[in-house]
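Enquirer:
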């Protein structure tokens with residue numbers, strides 16, 4: 311049986327995401343913490359940062375926490391801001407660009423397990 315867990319924000323450790331300059335990730339919860347099904351991560355997209363076009367083997371559910379930035383989904387571009395949500399199905403080409411002067415931040419939930427990321431650029 312899974313045990314309840316509280317993780318404090320000040321205990322999170324952010325790491326640079328190699329595929330994109332200006333993108334950092336902190337794992338909030340995943341199977342290492344006893345979460346049996348989903349991993350929840352928090353990303354920070356710094357001003358001027360771009361994440362190249364890529365696909366993932368797993369779906370992504372995202373919730374924008376702060377800032378305004380552009381998300382590309384297949385051939386469409388969307389301006390997102392705090393309070394917006396996105397569903398990115400497995401295999402969907404997607405990318406990010408922050409042209410603002412403030413960091414963007416979002417929560418991303420994915421199924422636990424392996425995820426193959428394919429960079430397209």
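Residue numbers (the working numbering): 311 to 431. Here a beta-carbon is modelled for each residue, glycine too, at the ideal position from N, C-alpha and C.
1. Is DSSP giving residue 428 helix, strand or coil here?
2. Among 392, 363, 376 and 372, which residue has its Cα nearest to the Cα of residue 348?
3. Where do the ends of the beta strand (DSSP E) carrying residue 382 lie?
4. Which of the three DSSP states, helix, strand or coil, is assigned to residue 325?
5. State buried or exposed for residue 397, treating a residue as buried only when at least 16 other CB atoms are found within 10 Å of its CB.
6. Just checking my contact of residue 433 with residue 352 at CB under 8 angstroms: how many whole Å lie between their CB atoms?
7. Do residue 390 and residue 374 come within 8 angstroms of each other at the CB atom, strictly closer than that value?
Expert: According to the data block:
1. Start at 1 with the first residue of the chain shown, and residue 428 comes out as number 118. Of the three classes helix, strand and coil, the one that applies to residue 428 here is strand, per DSSP.
2. On the chain shown, residue 348 is found 38 positions in, with the first residue counted as 1. Of the listed residues, the one whose Cα sits closest to residue 348 is 372.
3. Residue mapping note: residue 382 aligns to position 72 of the chain shown, counting from 1. Taken as a continuous stretch (DSSP letters only), the beta strand (DSSP E) holding residue 382 covers 378-383.
4. Working through the chain shown from its first residue, we reach residue 325 at position 15. Looking at residue 325 - three-state DSSP - the assignment turns out to be strand.
5. Counting from one through the chain shown, the residue named residue 397 turns up at place 87. Exposed.
6. Since the displayed the chain opens at 311 and closes at 431, residue 433 lies outside it and no answer follows.
7. Stepping through the chain shown from its first residue, residue 374 is reached at position 64. Stepping through the chain shown from its first residue, residue 390 is reached at position 80. Result yes, Cβ atoms of residue 374 and residue 390 sit closer than 8 angstroms.
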